[in-house]
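Here is the structure we will look at, set down as structure tokens.
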Amino acid sequence: LRGLCGEGPDHAYVEGVIRSLFINLVAAVIRFCVDRGEQNIL
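Just so you know, we're using this note's numbering here: the sequence shown kicks off at 926 and counts up by one.
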């Protein structure tokens, strides 16, 4: 278990997961703003 919490491949994996979650969050916000914008135009 100590190896899982240390730096190394697992650290890079966690970093990648956090980055992908952040990208998904940004994409969701952009999509939400676009939907709001379309409703305002209509």
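Every residue gets a Cβ at the ideal spot worked out from N, C-alpha and C, and that includes glycine.
It should be emphasised that the depicted structure is a prediction, and the values quoted were computed from it without experimental measurement.
query, result
"Give me the Cα-Cα distance between ILE943 and ASP935, rounded to the nearest whole angstrom.", "12 Å"
"Please report the straight-line C-alpha distance between ASP960 and LEU946, rounded to a whole angstrom.", "21 Å"
"Kindly list the residues whose CB is nearer than 8 Å to the CB of LEU926, restricted to its own chain and excluding five residues on each side of it in sequence; keep chain order.", "Because LEU926 carries a pLDDT of 46, less than 50, the predicted location of this residue cannot be relied on, and no value is offered for it."
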